[in-house]
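Just add 201 to wherever you are in the sequence shown, counting from 1, and you've got our numbering.
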Amino acid sequence: MRRHWSLFATASRYALIGHARNHFAMLLVVVYIPVWIGLAYVTIPGRPAPFRLRATGEILSPPGNHLTQITGALNAVTLIAGFMMFAATFTGGAFDRRLAMAGYPRYHLVLAKLSALTLVCAAIAAYATAAVGCAWPPRQPLVLAAALFCAALTYGALGVVFGSVLRREVEGMFAILMISILDVALQNPLSSSGSDSAVVRFLPTYGAVQASMSAAFSDASAAQGLVIQFLWLIGAACAGFLVFRRRTRNALRPERKPRVPAASGRGTAQGTDGALPSAEPGPSAERVRPT
């Protein structure tokens, strides 16, 4: 048990160090989240924006700037988590492959990455919730933080998938950026007239959007949205594990055992039944000296 814990702790330490060295991501966390939420609060008009929340069936009428802050927080946490996990997987893929081929257990590597992702997403979600709370108090701040946390985890797992599948860094960055923007923008009642469409139920952050809207503007339960988002999280995590396992597989061919020829069933020239001749000379092999 101590050996397993040591392997997990070592892999987790290197995973966290890899995230800490991503200075651009740290800058996004510290600056981008409050700036995006603050600009949404200042620039978007505060007129009521009525819409129907599909998860509960309620008709909510929050101020437009408050509504944009929630969608902006979701967009920010998903982008940052996706970028961080993509960068960590893309740059550390060769190192993970060497570790796995050297005998390091892949399950410990996966658990370490999952633990690091969980800590990073928890910090990002708490920071975004606090930034929203500086402008106005959400009805259910803990549920709002949970929704942001699940959304960040989902995109973090998608970042692992893109980092393992795509070959160039710009491709992964562009994929995460476009998916996150389209995902959240189509569900914002201010920017999309089809936010109440049935199609949005298949978007990656549908559950998180429903849960965060309910948590921010009503006292109704957001359990349904969290469950939906958790299912998306499980699917993305399974996909990330499968591609990581495939990428770190042993590419060497298995060693073949030398084939031992079977003994013949018929007797040999020496009159033995399938037995190999003895290496020691018998009495018949000795020279007979003349008397």
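Glycine residues also receive a C-beta, built at the ideal position from the N, C-alpha and C atoms.
Quick caveat: nothing in here was measured; it's all calculated off a predicted structure.
Neighbour-count burial assignment, residue i, 16 or more Cβ in a 10 Å radius
| i | result |
| --- | --- |
| Thr244 | exposed |
| Asp384 | buried |
| Gly357 | buried |
| Ala423 | buried |
| Val232 | exposed |
| Ile377 | buried |
| Cys322 | buried |
| Pro263 | buried |
| Pro338 | exposed |
| Pro390 | buried |
| Ala417 | buried |
| Phe375 | exposed |
| Val230 | buried |
| Gln471 | Low local confidence applies: a pLDDT of 48 at Gln471 is under 50, so the model's placement there is unreliable, with the coordinate-based value given in what follows. The residue is exposed, with fewer than 16 neighbouring Cβ atoms inside 10 Å. |
Residue i to residue j span [Cα, whole Å]
| i | j | result |
| --- | --- | --- |
| Arg369 | Phe225 | 18 Å |
| Phe442 | Val333 | 33 Å |
| Met202 | Leu312 | 15 Å |
| Phe291 | Val236 | 28 Å |
| Arg214 | Phe287 | 18 Å |
| Ser392 | Arg253 | 15 Å |
| Phe403 | Ala352 | 14 Å |
| Trp206 | Arg307 | 14 Å |
| Asn223 | Leu432 | 29 Å |
| His267 | Met227 | 25 Å |
| Phe445 | Leu261 | 42 Å |
| Pro249 | Ser381 | 25 Å |
| Pro246 | Leu310 | 47 Å |
| Met379 | Arg204 | 42 Å |
| Gly219 | Ala289 | 7 Å |
| Val362 | Ala301 | 18 Å |
| Gly373 | Ala336 | 34 Å |
| Thr319 | Pro251 | 34 Å |
| Ala440 | Leu367 | 14 Å |
| Phe296 | Val371 | 20 Å |
| Ala399 | Gly293 | 39 Å |
Where residue i falls: helix, strand or coil (DSSP)
| i | result |
| --- | --- |
| Pro235 | helix |
| Arg307 | helix |
| Arg222 | coil |
| Leu261 | strand |
| Pro390 | coil |
| Pro249 | strand |
| Asp420 | coil |
| Arg203 | helix |
| Trp433 | helix |
| Thr158 | Here the chain covers residues 202 to 492 and nothing more, so residue 158 does not appear. |
| Ser398 | coil |
| Ile271 | helix |
| Leu349 | helix |
| Arg298 | helix |
| Leu376 | Here residue 376 is Ala; the residue named in the question, Leu, does not match the sequence. Ala376: helix per DSSP, three-state reduction. |
| Thr406 | coil |
Option nearest residue i by Cα separation, candidates the options
| i | options | result |
| --- | --- | --- |
| Tyr305 | Val410, Thr211, Leu404 | Thr211 |
| Phe208 | Gly219, Lys314, Ala329 | Per the sequence presented here, residue 208 reads as Leu, with Phe not at that position. Cα-wise, what sits closest to Leu208 is Lys314. |
| Val401 | Ile429, Ala423, Pro249, Val344 | Ile429 |
| Gly258 | Ala421, Gln341, Arg446 | Ala421 |
| Ile435 | Met374, Leu354, Ala323, Pro251 | Leu354 |
| Ala317 | Pro338, Pro342, Ala216 | Ala216 |
| Ala438 | Val371, Gly294, Leu275, Pro405 | Pro405 |
| Ala331 | Phe350, Ala346, Val366 | Ala346 |
| Asn276 | Thr319, Leu320, Phe350, Gly294 | Phe350 |
| Leu343 | Ala303, Phe296, Ala327 | Ala327 |
Within 8 Å, strictly: CB atoms of residue i and residue j
| i | j | result |
| --- | --- | --- |
| Ala386 | Ile325 | no |
| Gln411 | Ala256 | yes |
| Ser415 | Gly408 | no |
| Gly364 | Phe284 | no |
| Ile234 | Ala348 | no |
| Ala241 | Thr269 | yes |
| Thr449 | Arg340 | no |
| Ile271 | Ser419 | no |
| Gly196 | Ile238 | Residue 196 lies beyond the stretch modelled for the chain, which goes from 202 to 492, so this question has no answer here. |
Heavy atom of the ligand ADP within 7 Å of residue i beta-carbon
| i | result |
| --- | --- |
| Ala352 | Summarising the ligand content, the structure contains no ligands, and the ligand ADP is consequently not present. |
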